[in-house]
Ligand code: B12
Ligand code: B12
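Protein chains in written order, with the numbering used here: chain W, 3 to 148; chain D, 3 to 148; chain P, 71 to 554; chain C, 71 to 554.
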């Protein structure tokens, strides 16, 4: 367990604000955050995860093309030997305002372990990740989740 | 043909503004308007129509109780010998925002010849009335319908 | 009955009370001591006066909806929704129109029809028919203060019932719940009956129970010039104060021009303070701003804008509370969802605005002084006509057209005053009728109206007034010819 | 390529042009003379410059939506709806993000997937893939002027195509469409490429064809301090002017404090006028105000309020046009209905406001001078770094952090500047990084921030910045701890 996560915004997506805040939030509770930033390809994510032996990849997609950009992500991870890695995705994951259940299923089918709707607070994701990785947050030894 | 209409607001309804404007509009094209004002009962309308030999009764109901207040109006007209009289009704005819077709049918069934939704302009009703009474508006000899 | 502006004696009050409680069967349920005991136990958080005072101290503007339906359970559900989902700060129970006309039999029909129809056939909550038992159920299901909002010339039984049920505020007044709401009720009668309602508050105050009173500011809601509505509001405040009311919220309905609206609210508060002080009344004063009370646009997005613009004015006016409209306004009684939307739209605007700079412009100052002067002219003339007695003055003033409310249905209203907007959208007086006022003020307003006539290249006329009545519902403030 | 702020020669332009038109197959459809002839025949009513000039003369604020979908017919239907039902004054075509990154193959995938899915899978209209034929179809189906709105560092082919299609305005600039939109595109490259786009306008102008250009004012849309966005807007205006652009709309994204927003817009217009004049450029200048560009509330009623509040500021700022958000903003690309609702909400506010008094307060004057001074410091430092050459100055200024856009993703942005709101909600600078500025201005801003720290009883910190980023979406302007 490396307590390392890879963070980034996928595809041609330039939305940087949420990414900076997620970085800040995960770092401040003690995760090691490898932030590859906006406009990142599947390969960028996977390379970073392989290099750093990451436990999880957190993909953001805000701009609507997530559905196209995320296809085959899980398969590509497996090809690169990341068969155990947790995949989270969040943001505005489709074009337009769609039924959340449909959107969630879409990404679950693509192999994402958790899928987050618009307006998710970092705290929610931190709690989930700690649970999925069976980490005791207080042992990571940083500030409290707010 | 007396070119006379009875105008008023039915029931416990005090909405006076539309009534004043309808009075102004119908008068200014040459109708003789008997305005019995707000808070008028079915009897008030009918008495005024009998007394003045009116061609039509224009009922307003804005406040939502129109459905209760207007019941039996046509029957009462017939009892009083007003079997030919035109009955128009308009305003906010039911409680709440309901499907217009349903509302229209409700009042048509009660025997109203024409039923008007919220936001009807006086001009529309004037044109209808002229048509129903086969009146040539220009012969009434007043200002133009605006 | 001999009307005068004098605190009723205990004897007179309790003598009249016997008749009042016999007006409908639920009146018999009311027990004086039990009611007082119940009121004393209403939690602080459900006391109107407490909540208003806190808001005033914090400089916040509270939001309050209008809401009422025929059936008890549905009514409770509605108010709960507005409290929990809508984020209301204060709750109403809007009373149906049969109750307002004391037609309790028809209410009963409405209740039964509503049960049959499966939805409310009444435009409000028939509180008298439900009586103290029902009204307490409403209060106890909620955790916010509750107010009766109606439009009832004779509200004595209603008032007895709602206070005995722990509702801590009552809207209305002998002028504001008569002239815009009735056709043939005399002012002698309605003022007298409202003295009763206010005296009841006075009695409770004497027992240490705090109840808020709110004259209905907007009157007909249709181009009411600020000096007229402010004069009525202050007069009703004074009449209430004389009967022992201590906590008063004075109201004003948005005209639409921000400078005028902010000025009017400041004028109202300042002038009321002066008159209360000179009358020797110690009053805890707060203010209420009503979002646009005239015809609304049918389109919901546009209705949201009208609501928002009203809230902007309420915010800048630093009103203690704002009464909120809904996107369904043009159509009918709103669903609970639409009602909550009006609250949310309003609250968001207030939250964006509340920390910002106030509107400190010369124009606001000038307008405020103008409104104060005009209002003083009216009130002082009313006092003069009453030979020092305000209640008698009011009756005579309406007869003489010294008080005259535009577009009101009452036969006791002269109806000669005609308002119209000036070229900046402020509501001015086109026809003064017999309204008092200084020559300078009239010349000033007239010059403003001439500007509009010039700009629109048409004479000032009733057509212009009609255009202004429709304007907001058609998407503009001023009824310009040929404007989208 | 040797970047300098100098009008391109015909030779250089046409040499580069050959490559540009080869970037994607649709480039080959463009014929210089035929395009010019087509543009000359665009009806006056569809020319952006004409419509803006008329609005400026009348003192009106026009409304313009954002809108774009993947499929041509659907896109036309959408724009028609916004024109006919929404009442838009100006139309956009918002371009999808693959096009913005010049990934036309992926656009093709997006188009095909959209056909399969039966709804748009792209976040905009892939204009390059549709080429001149498709883009002209869009124009010809409408009767309003059309503008390309995107976020494309290298927009040369896109620009060629949309102009040849009779679209008479193009949004963007070498800074504003790079730093907030890209990660690793150098400023040398993006400024150079945008010189091309502007030179194209210049050529058309020389042929008597008027085309409007609009630098993208709001940048990252997230707590961008007015002096920074105004500096970038004016610089991009100057760079465009040098290439022969004659009709420029400078923009600004709402910060939320009305005084600051109105002051910023006035400062922008006045200062731009000064710099254009001293550069010897004769420019027809107009302004655009962007409603809140940061995170929106999810609740639609609250979103309506944010839209309305933005429009209030646009109205008081007397912007020539306002770019409108929608009640779906927090979720995703709006439906055409939601988009029209944003327009209607906005238009209603403008119509209520347009005839009223302007916001003539001392605070606005003070703030305006403050913004102008800060902006001048930045622009003059950029010129100094460029040794008189503005384009070179920009590149060096970003490297040095003299220009620094909060929260931008570009690696060429230093990212040291950190903004935060003061106690009245105005956006101020917490961390200056290497931003130039006078000692007085800093002390002034710092004292304002200390007020907030005191009021909130907590230190100024990144947590406060984060709270401010979330604030509007959570229903307030300032991110106070514990506020609903
Ligand atoms: C102003 C107003 C008031 C004022 C009225 C002052 C007065 N005395 O006139 C005050 C504040 C006093 C008031 C009180 C109440 N009101 Co009110 N009021 C309005 C409001 C905002 C505007 C009405 C208006 O003047 N419009 C301008 C005129 C010119 O238009 P109009 O009245 O619609 O009339 C025109 C057309 O409808 C048409 N028309 C009307 N009748 C007829 C008839 C015929 C035959 C034809 C052809 C055409 C026609 O022509 C008229 C002229 O153009 C409306 C909502 C709205 N429309 O935005 C609510 C509204 C009518 N009120 C309403 C209610 C419920 C009340 C109250 C019961 C309080 C409450 N529960 O909220 C009380 C009523 C008390 C009573 N006993 O009647 C509801 C009715 C609800 C429903 N039907 O479901 C409305 C729709 C608001 C709402 N959405 O809740 N109100
Ligand atoms: C600011 C903004 C911009 C700025 C971005 C500046 C920058 N470089 O960052 C600018 C103006 C440049 C911009 C551009 C565009 N934008 Co934009 N933008 C926004 C806006 C208003 C706010 C985004 C934001 O910063 N929010 C604040 C942060 C803190 O929240 P966040 O980004 O949502 O992230 C949080 C959560 O979502 C969550 N989260 C995010 N990712 C993940 C991942 C995981 C695993 C987890 C657990 C949680 C999580 O945690 C984050 C922190 O709290 C949103 C709408 C909105 N939300 O109100 C639109 C929005 C995202 N943009 C949108 C679009 C389409 C675009 C454009 C294509 C232009 C257009 N067509 O309108 C371009 C994109 C260009 C490109 N190549 O990407 C759309 C997306 C549509 C869709 N999905 O259907 C939105 C939703 C607006 C809309 N309704 O149309 N945008």
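We put the beta carbon where it would ideally sit given N, CA and C, even for glycine.
Beta-carbon proximity check, residue i vs residue j, cutoff 8 Å
i, j, result
"residue 441 of chain P", "residue 303 of chain P", "no"
"residue 301 of chain P", "residue 283 of chain P", "no"
"residue 259 of chain P", "residue 40 of chain D", "no"
"residue 361 of chain C", "residue 380 of chain C", "yes"
"residue 7 of chain D", "residue 35 of chain D", "yes"
"residue 384 of chain P", "residue 396 of chain P", "no"
"residue 214 of chain P", "residue 208 of chain P", "no"
"residue 247 of chain P", "residue 287 of chain P", "no"
"residue 62 of chain P", "residue 356 of chain P", "Residue numbering for chain P in the displayed model covers 71 to 554; residue 62 of chain P lies beyond these limits and cannot be assessed."
"residue 120 of chain D", "residue 400 of chain P", "yes"
"residue 468 of chain P", "residue 482 of chain P", "yes"
"residue 475 of chain P", "residue 289 of chain P", "yes"
"residue 505 of chain C", "residue 471 of chain C", "yes"
Three-state class that DSSP yields for residue i in the structure shown
i, result
"residue 497 of chain C", "strand"
"residue 140 of chain W", "helix"
"residue 215 of chain C", "coil"
"residue 409 of chain C", "helix"
"residue 82 of chain C", "helix"
"residue 4 of chain W", "coil"
"residue 19 of chain D", "helix"
"residue 262 of chain C", "helix"
"residue 170 of chain P", "helix"
"residue 133 of chain D", "helix"
"residue 504 of chain P", "coil"
"residue 146 of chain D", "Confidence in residue 146 of chain D is poor, its pLDDT being 49 and thus under 50, which makes the residue's placement unreliable; the coordinate value appears in the next sentence. It is coil, neither helix nor strand."
"residue 136 of chain C", "coil"
"residue 124 of chain W", "helix"
"residue 92 of chain P", "coil"
Residue span of the beta strand (DSSP E) that contains residue i, given as start and end
i, result
"residue 317 of chain C", "317 to 323"
"residue 90 of chain W", "88 to 93"
"residue 34 of chain D", "34 to 42"
"residue 58 of chain D", "58 to 63"
"residue 112 of chain C", "Element bounds for residue 112 of chain C: n/a, residue is neither H nor E."
"residue 358 of chain C", "354 to 360"
"residue 241 of chain C", "239 to 241"
"residue 391 of chain C", "391 to 393"
"residue 116 of chain D", "116 to 118"
Enclosing alpha helix (DSSP H) for residue i [first to last residue]
i, result
"residue 151 of chain C", "142 to 154"
Are there three or more Cβ pairs, one per stretch, closer than 8 Å when the region 217 to 237 of chain P is compared with the region 460 to 472 of chain P?
-> No, the region 217 to 237 of chain P is not in contact with the region 460 to 472 of chain P.
Cβ pair count under 8 Å reaching 3, the region 263 to 281 of chain C against the region 89 to 106 of chain C | yes
Could you tell me whether the region 185 to 192 of chain P touches the region 83 to 92 of chain P, using the rule of 3 or more Cβ pairs below 8 Å?
-> no
The region 488 to 502 of chain P touching the region 313 to 331 of chain P, judged by at least three CB pairs closer than 8 Å | yes
Do the region 91 to 104 of chain W and the region 58 to 68 of chain W make contact, defined as three or more Cβ pairs closer than 8 Å?
-> Touching, yes.
Mind the definition here: the region 162 to 182 of chain C touches the region 420 to 439 of chain C only if three or more C-beta pairs lie below 8 Å; say whether that holds.
-> no
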